[in-house]
Amino acid sequence: MSELALPKVDKNILSKKPLIVSDLKKIINKDNVLSDADEIKPYETDALAAYKNTPLAVVLPENTQEVSEILKYCNNENIKVIPRGAGTGLSGGALPLNDAILLGLGKFNKILDVDFNNNCVVTQPGVTNLSITHAVKHKGYYYAPDPSSQLACSIGGNVAENSGGVHSLKYGTTTNNILGAEMVLMDGTICRLGGKTLDQEGYDLMGLICGSEGLLGVITEVTVKILKNPQTVKAALVGFPTIEDGGNCVTEIISSGIVPAGMEIMDKALIDATEKFAKAGYPMDAEVLMIVELDGTNSEVDGMLKEIEIISKKNNSNSFKLSKNEKERMAFWSGRKAAFPACGAMAPDYYCMDGSIPRGKLSEILKEITRLSKKYNLAVANGFHAGDGNLHPLILFDGSKKEELKKTEEFGAEILKACVKMGGALTGEHGVGIEKRELMCEAFNDDDIQQQLSIKKSLDLKNLLNPGKVYPILRKCAEEGRVHVHRGEEKFPDLPRF
Amino acid sequence: MFTEEKKNSQIYQDSNHFKPDTEIAVSNLVKDFYKKKLPINLHGTNSKKYIGYNVQAAKTLNLSNLNGVIEYLPEELYIKVLAGTPIKIIEDLLEKHNQQLAFEPLDFGYINDGKSNKGSAAGCVATNYAGSRRFKVGSVRDFVLGFRGVNGKGDIIKSGGTVVKNVTGYDLSKVVSGSFGTLVALTELTLKVSPKKIFQNTIVIYLDDLKIISSLFHKILGSSNEISGATYIPDEPKSKKFGLNKSRVFKFNDLNNDGPFLAIRLEGDRVSVQERLKDISKELELKKYKTSILDNHQSVPFWTKVNNLELFTSTKNNLIRAVIPPSNSEKLMKFLGNKSKYFIDWSGSLFWIEVPEDDKIGQIREFISKNEGYMTIIMKSENFDFKEKVFSTDKAKLMISKKIKESFDPKSLFNPGRMYREI
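In structure tokens, the structure reads:
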């Protein structure tokens with residue numbers, strides 16, 4: 192792994208650790224301030240487990256006022272603060288710093304108000320994404336954004352990363368599904384944004400905070416929109432003989448006016464890997480497999496499926512299988528959801544990339560990845576949220592071979608650069624964090640980045656909140672690591688990653 | 106650089122009015138004004154000039170010459186345009202490809218002078234006012250994939266791109282949406298477009314019981330029948346203070362406009378719409394009420410008229426746009442009674458209220474604020490009391506807004522005071 196540049200450690204802060212811990216214990220319940228090595232070890236990394244760092248101390252406040260007082264204290268004393276939700280992020284956004292307080296929001300774990308009259312849920316940020324759906328499903332409602340880690344990831348973390356999921360093609364990402372938030376700025380100011388109403392008046396600060404990766408404020412409450420379950424959900428598995436056919440079919444479905452709830456593409460390598468692992472019944476003669484899911488009213492879904500079958504045939508599909516019931520629909524997804532562990536079983540290590548491209552470039556990027564795979568002599572398995580152009584190539588390698596690791600990093604960076612060149616983005620849903628920080632200048636020039644840094648400075652003058660993340664600190668396009676998993680030692684191995 | 110001497114310049118109109126036709130020209134002008142610390146009245150086609158406070162500025166920067174489609178890829182569901190491109194041009198082009206701007210841009214021309222004027226893409230984004238479909242599909246800001254623009258220092262900046270999934274850096278597209286040209290001179294916009302539904306029907310329910318109306322709004326929001334419009338049009342007050350437009354505006358063969366009514370829109374293919382019509386009749390127990398159906402030919406213009414705010418055509422009164430949690434709609438209807446002229450959209454969330462006497466605005470604001478909502482004074486009467494705030498805010502949000510403003514526009518040159526006197 193490349194050496195990671197981090198903000199300069201303030202030795203003065205390190206030397207004052209006992210005093211700082213003692214002060215923090217006066218601000219909040221002393222049992223919620225952790226400073227012993229054993230206690231803080233679980234907080235030294237997030238799901239980008241290749242990078243670890245020990246924080247100065249961990250604080251676990253229980254209410255907004257405590258968050259405000261901690262931040263005010265740290266701001267006055269020039270102490271850096273790293274906010275952390277459930278620690279499931281894949282880009283290292285919650286990586287601690289040695290001279291920083293890690294602010295864990297795990298105790299903000301209550302749903303405050305389930306309001307069916309206004310179709311919303313008011314919740315504390317530490318509540319998991321899936322818990323929200325669990326709280327409303329008895330009345331036939333759900334919360335739409337469904338990141339693969341939804342069992343464990345917190346809604347506060349979802350806001351910080353603007354998390355999406357398989358269904359974001361139709362239902363959008365977090366930013367399109369929240370109505371209100373409460374946040375605390377680095378100087379301790381508490382601010383309420385939005386509420387139970389649609390839209391906000393004035394500057395859309397909620398839109399700004401959403402996806403800001405914990406750099407602008409700490410979220411202490413979120414109001415999310417809930418939706419009524421669709422009447423019908425059906426899925427189809429479609430096999431294609433070539434990458435071009437699969438890619439063209441995706442484009443033609445969208446062009447025809449159909450907006451599926453989800454549309455995934457897997458290449459041959461991933462079909463083979465997942466079929467061995469999950470035995471989902473995927474067609475083994477396909478070079479490319481498409482899973483397309485539709486929801487809505489019965490006749491609408493049936494109509495769209497018929498149209499998709501026609502479009503698939505036109506694009507040379509060699510198999511078309513429709514889910515007959517809910518059990519079969521879930522089986523279709525089981526292979527796709529097993530992509531990460533399946534790749535873990537194929538090689539000692541893998542890197543998961545996360546880029547976005549215009550859908551029409553699907554076959555072009557797949558060809559480019561194939562070319563790069565040959566160039567670097569490293570195998571790769573590709574899974575795409577094809578409907579919205581979000582790709583997750585998994586590069587397989589052996590981390591014990593020093594040269595291979597370096598090659599993998601170069602391979603990954605080349606994929607992301609190709610995404611940007613094709614009109615896409617460096618990251619579709621995992622965030623920049625520390626992982627893609629130095630690649631930001633592939634997407635933005637100095638003026639763009641300076642504008643973003645001015646916003647950061649306006650809300651956090653001393654650059655104390657989550658410093659060293661998102662924006663390049665080397666001021667050059669260094670190539671750094673992706674999601675690195677060694678011998679299956681993934682953080683949160685039980686979470687499906689897709 | 107761009108001084109009075111350059112009278113032959115393309116960007117030059119007179120010494121105080123500039124109409125640049127390239128992004129770089131906008132950047133150079135703003136750099137010059139930045140050096141001289143000259144405030145700028147920034148606008149597109151000026152279709153919404155009456156919203157907000159009047160801008161007192163030495164220079165005027167008209168961006169309507171930045172006009173034209175840069176790239177339209179129907180299969181990628183986006184259109185990239187120069188920011189001053191008229192919304193009408195964009196909608197006409199999308200129509201040819203059976204696509205649309207799903208958020209339904211409002212037409213603010215009718216309330217001003219009775220004529221259509223949808224303004225420019227930049228104006229639409231800068232105001233962030235979405236139409237009837239908003240509660241189903243999202244607001245204008247949800248459809249802005251990316252932008253290019255010039256900040257208050259004259260730097261050309263960009264954010265976002267053309268893809269839907271993009272979490273690279275702060276989402277500045279959201280911040281510029283609804284910022285009324287106070288942060289960035291927009292030069293280029295990429296908007297997400299959507300397939301157009303080929304068929305629609307509207308169910309009209311004739312009723313005036315506020316409790317039942319509120320309960321129907323609630324059921325509509327909780328329906329899985331994909332309802333994409335729900336508006337309540339009450340009777341107009343019998344007062345000379347208001348223009349009587351309802352019977353003229355909503356004149357359709359299958360609509361009885363004598364009394365108040367609630368209208369519900371269903372869009373999709375013909376079979377699906379028919380199927381959902383049956384479903385909704387059961388779900389909302391419509392047998393209890395007198396109803397009628399507007400077919401596709403009547404339904405389309407009906408919703409156009411709603412989104413043109415034609416009930417308030419050429420009004421001389423104050424016009425308020427209020428948004429509240431839908432469960433408070435009954436309270437607000439009761440509060441307004443039959444003295445104010447209003448209609449409700451977004452299935453109980455959005456109220457458009459015409460208020461003749463300036464002194465009532467304060468009471469309405471207080472009521473809305475108590476009921477967890479917010480309001481904006483869209484149109485001001487001749488005798489408008491400028492002690493009233495046009496936009497509502499609170500202390501913390503105003504403080505943060507000032508900081509955000511400063512980060513984009515450190516010398517406060519763009520549209521000073523348009524939204525808040527302090528910004």
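Chains Z and V, in that order, are what the protein sequence lines are. Mapping to this note's numbering: the first sequence position 225 is 416, numbers consecutive. Mapping to this note's numbering: the second sequence position 37 is 142, numbers consecutive. Backbone N, C-alpha and C define an ideal beta-carbon position, used for all residues, glycine too. The structure presented is a predicted model; accordingly, all values stated were derived computationally and were not measured.
Run down chain V in chain order and give the residues with a C-beta less than 7 Å from the C-beta of residue i.
i, result
"residue 635 (chain Z)", "274"
"residue 620 (chain Z)", "270, 272"
"residue 534 (chain Z)", "What residue 534 (chain Z) touches in chain V: nothing, since even the nearest Cβ is about 21 Å away."
"residue 327 (chain Z)", "Within chain V, no residue comes near residue 327 (chain Z); the closest Cβ sits about 11 Å away, beyond 7 Å."
"residue 464 (chain Z)", "Neighbours of residue 464 (chain Z) on chain V: none; closest Cβ ~24 Å, over 7 Å."
"residue 445 (chain Z)", "180, 182"
What is the C-beta distance between residue i and residue j, in whole angstroms, given that I count them as a contact (C-beta under 8 Å)?
i, j, result
"residue 603 (chain Z)", "residue 542 (chain Z)", "5 Å"
"residue 476 (chain Z)", "residue 430 (chain Z)", "7 Å"
"residue 449 (chain Z)", "residue 521 (chain Z)", "That pair is no contact at about 22 Å."
"residue 331 (chain V)", "residue 488 (chain Z)", "7 Å"
"residue 286 (chain V)", "residue 147 (chain V)", "4 Å"
"residue 451 (chain Z)", "residue 483 (chain Z)", "5 Å"
"residue 198 (chain Z)", "residue 223 (chain Z)", "About 26 Å separates the two Cβ atoms, so there is no contact after all."
"residue 309 (chain V)", "residue 399 (chain V)", "6 Å"
"residue 445 (chain V)", "residue 458 (chain V)", "5 Å"
"residue 351 (chain Z)", "residue 405 (chain Z)", "5 Å"
Taking 7 Å as the cut-off, decide whether the C-beta atoms of residue i and residue j are in contact.
i, j, result
"residue 363 (chain Z)", "residue 410 (chain Z)", "no"
"residue 595 (chain Z)", "residue 563 (chain Z)", "no"
"residue 558 (chain Z)", "residue 327 (chain V)", "no"
"residue 414 (chain V)", "residue 234 (chain V)", "no"
"residue 194 (chain V)", "residue 185 (chain V)", "no"
"residue 607 (chain V)", "residue 551 (chain Z)", "Coverage of chain V is limited to positions 106 through 528, which leaves residue 607 (chain V) absent and any answer about it impossible."
"residue 400 (chain Z)", "residue 408 (chain Z)", "yes"
Compare the C-beta of residue i with all C-beta atoms of chain A and state if any pair is closer than 7 Å.
i, result
"residue 256 (chain Z)", "No chain A is present in this structure, whose protein chains are Z and V."
I want to verify the contact list: residues of chain Z whose CB lies under 8 Å from the CB of residue i, in sequence order.
i, result
"residue 131 (chain V)", "Within chain Z, no residue comes near residue 131 (chain V); the closest Cβ sits about 14 Å away, beyond 8 Å."
Determine the chain V residues that contact residue i at a beta-carbon separation under 8 Å, and present them in chain order.
i, result
"residue 438 (chain Z)", "Those within 8 Å of residue 438 (chain Z) in chain V number zero; the least Cβ separation is about 11 Å."
"residue 450 (chain Z)", "299, 300"
"residue 574 (chain Z)", "Near residue 574 (chain Z) there are no residues of chain V at all, since even the closest Cβ is about 14 Å away, more than 8 Å."
"residue 522 (chain Z)", "Residues of chain V passing the Cβ test: none, with the nearest at roughly 24 Å."
So with CB distances below 7 Å, who are the chain Z contacts of residue i?
i, result
"residue 428 (chain V)", "388, 389, 390"
"residue 348 (chain V)", "Correct list: empty, because the minimum Cβ distance to chain Z is about 27 Å."
"residue 447 (chain V)", "Ordered by position in chain Z, no residue passes the 7 Å Cβ test against residue 447 (chain V), which lies about 17 Å from the chain."
"residue 261 (chain V)", "638"
"residue 451 (chain V)", "389"
"residue 95 (chain V)", "The requested residue 95 (chain V) is not part of the displayed model; chain V covers only 106 to 528."
"residue 280 (chain V)", "394, 395, 398, 399"
"residue 508 (chain V)", "649, 650"
"residue 431 (chain V)", "309"
So which residues on chain V does residue i lean against when the C-beta distance must stay under 9 Å?
i, result
"residue 599 (chain Z)", "Ordered by position in chain V, no residue passes the 9 Å Cβ test against residue 599 (chain Z), which lies about 22 Å from the chain."
"residue 579 (chain Z)", "268, 269, 270"
Just to make sure I have the definition right: I need the residues of chain Z whose C-beta is within less than 9 Å of the C-beta of residue i. Which are they?
i, result
"residue 501 (chain V)", "376, 380, 381, 382, 383"
Exercise for the section: Evaluate the contact criterion for the region 362-374 of chain V versus the region 322-341 of chain V: three or more CB pairs, one atom per stretch, below 8 Å. Expected result: Taking 8 Å as the limit for Cβ pairs, the verdict is that the region 322-341 of chain V does touch the region 362-374 of chain V.
Problem - Any 3 or more C-beta pairs closer than 8 Å across the region 617-632 of chain Z and the region 483-499 of chain V - result: Cβ pair count under 8 Å is below three, so no.
Practice task
Answer yes if the region 264-284 of chain V comes into contact with the region 155-163 of chain V, meaning at least three C-beta pairs across the two stretches below 8 Å, and no otherwise.
Solution key: Taking 8 Å as the limit for Cβ pairs, the verdict is that the region 264-284 of chain V does not touch the region 155-163 of chain V.
Handout entry: Chain-ordered residues of the region 408-430 of chain Z with a beta carbon less than 8 Å from chain V
Key = From the region 408-430 of chain Z, only 419, 420, 421, 422 have a Cβ closer than 8 Å to chain V.
Problem - Near-chain V residues of the region 538-572 of chain Z - C-beta to any C-beta below 8 Å - result: For the region 538-572 of chain Z, the residues whose beta carbon sits under 8 Å from a beta carbon of chain V are, in order, 547, 548, 549, 550, 551.
Practice task
Specify whether the region 239-246 of chain Z and the region 379-393 of chain Z touch according to this definition: at least 3 beta carbon pairs, one from each stretch, less than 8 Å apart.
Solution key: A contact is defined here as three or more CB-CB pairs under 8 Å, and the region 239-246 of chain Z fails this definition with respect to the region 379-393 of chain Z.
Practice task
Below 8 Å between beta carbons is the criterion; list the residues of the region 239-271 of chain V that meet it against any residue of chain Z, in chain order.
Solution key: So the list reads 239, 240, 243, 244, 246, 247, 256, 260, 261, 262, 263, 264, 266, 267, 268, 269, 270, 271, given in the order they occur along the chain.
Exercise for the section: Quick one: which residues of the region 374-404 of chain V get their C-beta closer than 7 Å to a C-beta of chain Z? List them in chain order. Expected result: Within the region 374-404 of chain V, the residues whose Cβ lies closer than 7 Å to some Cβ of chain Z are 374, 376, 377, 380, 381, listed in chain order.
Exercise for the section: Please confirm if the region 262-273 of chain Z is in contact with the region 303-315 of chain Z, defined as three or more CB-CB distances below 8 Å between the two stretches. Expected result: Under the 8 Å Cβ criterion, the region 262-273 of chain Z does not count as touching the region 303-315 of chain Z, having fewer than three qualifying pairs.
Exercise for the section: Spell out a yes or no on whether the region 245-253 of chain Z and the region 583-593 of chain Z are touching, meaning 3 or more CB-CB pairs, one atom from each, closer than 8 Å. Expected result: A contact is defined here as three or more CB-CB pairs under 8 Å, and the region 245-253 of chain Z fails this definition with respect to the region 583-593 of chain Z.
Practice task
Output, in sequence order along the chain, the residues in the region 589-614 of chain Z whose CB is closer than 7 Å to any CB in chain V.
Solution key: Cβ proximity to chain V below 7 Å picks out 614 from the region 589-614 of chain Z.
Handout entry: At least 3 beta-carbon pairs within less than 8 Å: the region 165-183 of chain V vs the region 205-215 of chain V
Key = No: fewer than three Cβ pairs fall under 8 Å.
Practice task
Kindly confirm or deny that the region 650-664 of chain Z and the region 571-578 of chain Z touch, where touching means at least three C-beta pairs closer than 8 Å.
Solution key: They do not touch, by the three-pair rule.
Handout entry: Members of the region 329-345 of chain V that neighbour chain Z once the beta carbon cut-off is set at 9 Å
Key = Considering only beta carbons, the part of the region 329-345 of chain V lying closer than 9 Å to chain Z consists of 329, 330, 331, in chain order.
Practice task
Quick one: which residues of the region 347-380 of chain Z get their C-beta closer than 8 Å to a C-beta of chain V? List them in chain order.
Solution key: Here the close residues are 352, 353, 355, 359, 360, 363, 364, 366, 367, 376, 380.
Practice task
Please list the residues of the region 221-240 of chain Z that have a C-beta atom closer than 7 Å to any C-beta atom in chain V, keeping them in chain order.
Solution key: If the cut-off is 7 Å between Cβ atoms, the region 221-240 of chain Z has nothing near chain V.
Practice task
Would you be able to state if there are at least three C-beta pairs under 8 Å between the region 505-519 of chain Z and the region 529-544 of chain Z?
Solution key: The region 529-544 of chain Z makes no contact with the region 505-519 of chain Z; the number of CB pairs closer than 8 Å stays below 3.
Problem - Stretch pair the region 503-513 of chain V + the region 464-472 of chain V: three plus CB contacts closer than 8 Å - result: No, because fewer than three Cβ pairs between the region 503-513 of chain V and the region 464-472 of chain V fall closer than 8 Å, the two stretches do not touch.
Practice task
Taking a Cβ distance cut-off of 7 Å, strictly less, list which residues of the region 272-300 of chain Z are near chain V, in chain order.
Solution key: Taking 7 Å as the Cβ-Cβ cut-off, the region 272-300 of chain Z has no residue approaching chain V.
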